[in-house]
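Novice: Heads up: the sequence shown begins at 1 in UniProt numbering, then just goes up one per residue.
Beta carbons: idealized from backbone N, C-alpha and C, even for Gly.
Quantities reported herein were computed from a predicted structural model and do not represent experimental measurements.
Here's a structure for you.
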Amino acid sequence: MSTIMLRPYKSNIVTLSSHFVDYFMPKARGEYVKVYIMLLRYTQMGEDGVTTAFLADILGLLETDVLKALDYWHEVGLLSVSTLDTYGNLSLEIRESQVIQNPRMDPAKILAEKKAEPEMGKSPAATPEDPMLKEISLLMGRPLSSSDAEKFLYFKEKYRFPEEVIILLVQHCVSKGKTSMRYIETVAISWDSQGIKTAELAQQNIRRHEDKWTNYRKVLSYLGINDKDVPKPQEDLLEKWFYTFEFTTEMILKACDISFSTLGKVELGYINGILRSWHKDGIKTPQDIENQEKKPRKGKSRKAPEKDFTEREYDYDDLERKLLGWDK
């Protein structure tokens, strides 16, 4: 008896159902269709996962567009998207086969029904008799679907959040322009992991968050980035610059200026490399930069130092070596 060893075969063909092409594709935004097809491709190839940043890069989109696409396809039922942890990691399942069996094929009708009465035969869960859900509905500016209401009740039961904590959580998310249940659930998981179970702790956490974002907004505004559209990786970079490297806003903006002068554009990875290099060298102030510039450089002739420091005098060759890890 011979054993036949089979090598995995991955097809280069992405299969789209006629149901998707006929009913869902015409009514979805172009970027949403692009995201869905790429997710189908990687799912059909057996990939374990893909990052939202990677999808945004290969599709020429913002990462926020990718997240909005996931929300859209989740709402119409073609995807099931759930939050895995406090880092924003997601679990995703293609559910097109289930939707095909559903007679409600029009995505516009599905969305309308989800907002008004998501499950046929059931009345909306957010009834006026429940003060907490009624207040949340007012905060979010829309009626709560049954699944939304169940999720907030789940927060109350699973995380043992008092109603006032849940309302503060929603207020906090709405103030940031984030009203998707996936985002709200991510914040709820984070609060639970931090042991935030009282209104006082919630308010303290929100104040700390606002203090951080006061600093973040100064940098984002300088770079021309809307603070409502900041994905998690960019937020993590800002936190590292301010609270791990402990740089002032002035120093971070100076690193931004160097990026502009050198590359002609905002390159967060380059800015991060500059700040990482400064942190490693113990440079914390503009005076430290000037002192560093006055030190002799190995293998290079040195002009007499000028009185005033300019960003163009910075040793970019050395900076790039450090950025790329060649100095190690």
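So if DSSP puts I94 in a beta bridge, which residue, or which two residues, is it bridged to?
Specialist: For this step, residue 94 is matched to residue 94 along the sequence shown. In the DSSP output, where bridge partners are listed per residue, I94 has L79.
Novice: Taking only the alpha-carbon atoms, compute the straight-line gap between E135 and E200 and give it to the nearest angstrom.
Specialist: To locate residue 135, count along the sequence shown from 1; it is residue 135. To locate residue 200, count along the sequence shown from 1; it is residue 200. A direct Cα-to-Cα measurement between E135 and E200 gives close to 19 Å.
Novice: Does the segment 78 to 86 come within contact of the segment 45 to 65, defined as at least 3 CB pairs closer than 8 Å?
Specialist: no
Novice: Grab me the residues of F260's own chain with a C-beta within less than 8 Å of its C-beta, minus the 5 sequence neighbours each way, in chain order.
Specialist: As a working mapping, residue 260 is identified with position 260 in the sequence shown. Contacts found: V266.
Novice: Taking 8 Å as the threshold, find out whether the segment 273 to 283 comes into contact with the segment 246 to 255 through three or more Cβ pairs.
Specialist: Remark: three or more beta-carbon pairs, one from each stretch, lie closer than 8 Å, so the segment 273 to 283 and the segment 246 to 255 are flagged as touching.
Novice: Three or more beta-carbon pairs under 8 Å between the segment 157 to 164 and the segment 141 to 149, yes or no?
Specialist: no
Novice: When burial is assigned at 16 or more other CB atoms within 10 Å of the CB, is A53 buried or exposed?
Specialist: Counted from its first residue, the sequence shown places residue 53 at position 53. With fewer than 16 other Cβ atoms within 10 Å, it is exposed.
Novice: By Cβ distance below 6 Å, which residues in the same chain neighbour S80 in space, the five residues on each side in sequence not counted?
Specialist: In the sequence shown, counting from the first residue as 1, residue 80 sits at position 80. Taken in chain order, the residues that qualify are E93, R95.
Novice: Starting from the Cα of D281, find the closest Cα among Q292, I271, Q287 and give me that residue.
Specialist: Residue 281 sits at position 281 when you count from the first residue of the sequence shown. Out of Q292, I271, Q287, Q292 has the C-alpha closest to the C-alpha of D281.
Novice: Considering only residues of the UniProt domain "DnaB/C C-terminal" (237 to 292), which uninterrupted beta strand (DSSP E) runs meet the minimum length of 3 residues and lie entirely inside it, listed in chain order?
Specialist: The UniProt domain "DnaB/C C-terminal" (237 to 292) contains no whole beta strand (DSSP E) run of 3 or more residues.
Novice: So C256 and L223 are supposed to be a Cβ contact under 8 Å. How far apart are they, rounded?
Specialist: Your numbering for residue 256 matches position 256 in the sequence shown. Your numbering for residue 223 matches position 223 in the sequence shown. Contact between C256 and L223 holds, since their C-beta atoms are separated by about 6 Å, short of 8 Å.
Novice: Just to confirm the assignment, what range does the alpha helix (DSSP H) spanning A188 have?
Specialist: Within the sequence shown, the letter at position 188 stands for residue 188. Unbroken alpha helix (DSSP H) run through A188: 181 to 193.
Novice: Residues in the same chain with beta-carbon distance under 7 Å from L268, minus the five sequence neighbours each way, listed in chain order, please.
Specialist: Here residue 268 refers to the residue found at position 268 when the sequence shown is read from its first residue. Non-local C-beta neighbours of L268 in its own chain, meaning closer than 7 Å and more than five positions away in sequence, comprise Q234, L237, ordered along the chain.
Novice: Is the Cβ-Cβ distance between D71 and S180 less than 7 Å?
Specialist: Residue mapping note: residue 71 aligns to position 71 of the sequence shown, counting from 1. Residue mapping note: residue 180 aligns to position 180 of the sequence shown, counting from 1. Cβ atoms of D71 and S180: closer than 7 Å.
Novice: How would you label E75, buried or exposed, when you count the other beta carbons within 10 angstroms and need 16 or more for buried?
Specialist: Taking the first residue of the sequence shown as position 1, residue 75 is located at position 75. Label assigned to E75: buried.
Novice: Does DSSP put S17 in a helix, in a strand, or in coil?
Specialist: Position 17 of the sequence shown, counted from the start, is the residue given in the question as residue 17. It is coil, neither helix nor strand.
Novice: Which one of M140, R142, A188, H172 has the shortest CA to CA distance from K161?
Specialist: Within the sequence shown, residue 161 is the residue found at index 161, counting from 1. The sequence shown places Phe at residue 161, not Lys. The residue with the shortest Cα to Cα distance from F161 is A188.
Novice: Just mark V14 as buried or exposed, buried being the case when its beta carbon has 16 or more other beta carbons within 10 Å.
Specialist: As a position in the sequence shown, residue 14 is number 14, starting the count at 1. Classification for V14: exposed.
Novice: Thinking C-alpha only, which one of E163, V170, I283, W73 is nearest R142?
Specialist: As a working mapping, residue 142 is identified with position 142 in the sequence shown. When only C-alpha atoms are compared, the closest one is V170.
Novice: Keeping to the same chain, check which residues put their C-beta closer than 6 Å to that of D211; ignore five residues upstream and five downstream.
Specialist: Within the sequence shown, the letter at position 211 stands for residue 211. If we look at D211 and ignore the five residues flanking it on each side, it has no Cβ neighbours.
Novice: Following the continuous alpha helix (DSSP H) through S147, name the residue where it begins and the one where it ends.
Specialist: Taking the sequence shown and counting its residues from 1, one reaches residue 147 at position 147. For S147, the uninterrupted alpha helix (DSSP H) run begins and ends at 146 to 158, by DSSP.
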